[in-house]
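2 protein chains.
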Amino acid sequence: MYVRPVTDAEEEREPLEVLRDYIAENGLKSSRQRELIAEVFFNAGGHLRVEELLERVREQDAKIGQATVYRTMKLLTECGLADVHQFGDGHTRYEPVDAPEEHHDHIICRDCGRIVEFYNADLEALQDNIAKAHGFRLTSHKMELYGRCQKEHCEHKPG
Amino acid sequence: MYVRPVTDAEEEREPLEVLRDYIAENGLKSSRQRELIAEVFFNAGGHLRVEELLERVREQDAKIGQATVYRTMKLLTECGLADVHQFGDGHTRYEPVDAPEEHHDHIICRDCGRIVEFYNADLEALQDNIAKAHGFRLTSHKMELYGRCQKEHCEHKPG
DNA sequence: CTAATTGCAAAGAATTTGCACTTGC
DNA sequence: GCAAGTGCAAATTCTTTGCAATTAG
Chain U
577 MYVRPVTDAE
587 EEREPLEVLR
597 DYIAENGLKS
607 SRQRELIAEV
617 FFNAGGHLRV
627 EELLERVREQ
637 DAKIGQATVY
647 RTMKLLTECG
657 LADVHQFGDG
667 HTRYEPVDAP
677 EEHHDHIICR
687 DCGRIVEFYN
697 ADLEALQDNI
707 AKAHGFRLTS
717 HKMELYGRCQ
727 KEHCEHKPG
Chain S
577 MYVRPVTDAE
587 EEREPLEVLR
597 DYIAENGLKS
607 SRQRELIAEV
617 FFNAGGHLRV
627 EELLERVREQ
637 DAKIGQATVY
647 RTMKLLTECG
657 LADVHQFGDG
667 HTRYEPVDAP
677 EEHHDHIICR
687 DCGRIVEFYN
697 ADLEALQDNI
707 AKAHGFRLTS
717 HKMELYGRCQ
727 KEHCEHKPG
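Chains as they are written, first to last, in our numbering: chain U, 577 to 735; chain S, 577 to 735.
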């Protein structure tokens, strides 16, 4: 797994802090529900479907409505704290954006559904060049590699 | 737009021919509807939503059911003649696979929704290497660059 | 106080499925 | 003739929305 090097200068801000600031700056209000959903989301390890997230959130507060989870995930996406993915299994997945400046991509196993993250600097640079060559100013990208992982690593079965 | 060089040796087979063979080899049956849907699909230029495809197909035969279009697109995907894409606007899009060995990727404009295709050999090679490095045998990939095209090219508005 | 947020249930949108009828092989 | 394909409508699944009640600032 790629581990981002964090220097003192670029120290990361807590996601919840970023969220609170965004809320304050936009005339919104914080709430117990939003805090809970965000907290569960950021501690969950990523690639969560809304359904899974709702499940985990309800372990802490059974009364949370699914609409609130949808609304909160949209909010987190707006303020740049979450990324949306469609890996082709029909489920929308959200993933925390820990370090906006160090984007990562995904390899998905067609056999077992395992999702592996990777980071490749050459790839990032290449993408920028391609976009420029076509007259685009790049804002983000998604790259998904689909394949089969070696048998010895292929532990889980698709859900 | 990238144009694939076609040599005599790797001459392309007509998609409809490929489809007919697949049907024959798998104990399926051809039908007027399938032929029509496939024909419209391959002549449509790509990135079609099912809804748009259904519309165009019904111009030729108003009685075609939407379920048939869904079922046919699934069939075309199975036999490698169509690729599925989710570009994040909430619509599933299908695109013809003309030349399986010359995959292309997409740049999508966040402002006008324009979808531009590109091919980059370095990118393809890099992907293979990345997959290998993670113990995956690559079967396919999707890469989507999101950005903003220069104003002078930004003609259409998002639909 | 006032406006934003919530939970619920209903509404929507996209896709799949059951089934009787039709059609290709 | 039999199995596969079709069209329709109903059923699913995922997500959004309307609204009255609640809550943060």
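A virtual CB, placed ideally from N, CA and C, is assigned to each residue, including glycine.
Item	Value
Candidates S/D698, S/A658 and S/E678: closest to S/R669 by CA position	S/A658
Delimiting residues of the beta strand (DSSP E) encompassing U/D659	A658 to Q662
Alpha carbon of U/S606 to alpha carbon of U/I599, nearest angstrom	7 Å
DSSP three-state assignment for S/E720, whether helix, strand or coil	strand
Pair within 8 Å by beta-carbon distance, U/A679 and U/E700	Checking the sequence, you will find His at residue 679 of chain U rather than Ala. It is a contact, given that the beta carbons lie within the stated cut-off.
Rounded straight-line distance, which links the Cα of S/G723 to that of S/K733	In this prediction, S/K733 scores a pLDDT of 49, lower than 50, which makes its location untrustworthy; no coordinate-derived value is stated.
Chain-ordered chain S contacts of U/T706 [CB-CB under 8 Å]	With the sequence shown as reference, residue 706 of chain U is identified as Ile, and Thr is not the correct amino acid for it. Under the 8 Å cutoff, chain S gives I683, F694, N696, L699 and L721.
Any C-beta of chain S under 8 Å from that of U/R669	no
Inter-stretch contact (C-beta, 8 Å, three-pair minimum) for the stretch 641-659 of chain U and the stretch 608-622 of chain U	yes
8 Å Cβ cutoff, S/R647 in contact with chain U	no
Proximity of S/G711 and S/E671 at Cβ, strictly below 8 Å	no
Contact set between U/L660 and chain S, taken where Cβ atoms lie within less than 8 Å	Per the sequence presented here, residue 660 of chain U reads as Val, with Leu not at that position. Result: G664.
Beta-carbon neighbours of U/T759, restricted to chain S and to distances below 8 Å	Limits of chain U in this structure are 577 at one end and 735 at the other, which puts residue 759 of chain U out of reach.
Start-to-end residues for the beta strand (DSSP E) that takes in S/D681	D681 to C685
Continuous beta strand (DSSP E) stretch holding U/Y670: start and end	T668 to P672
Distance CB(U/L702)-CB(S/D698) smaller than 8 Å	yes
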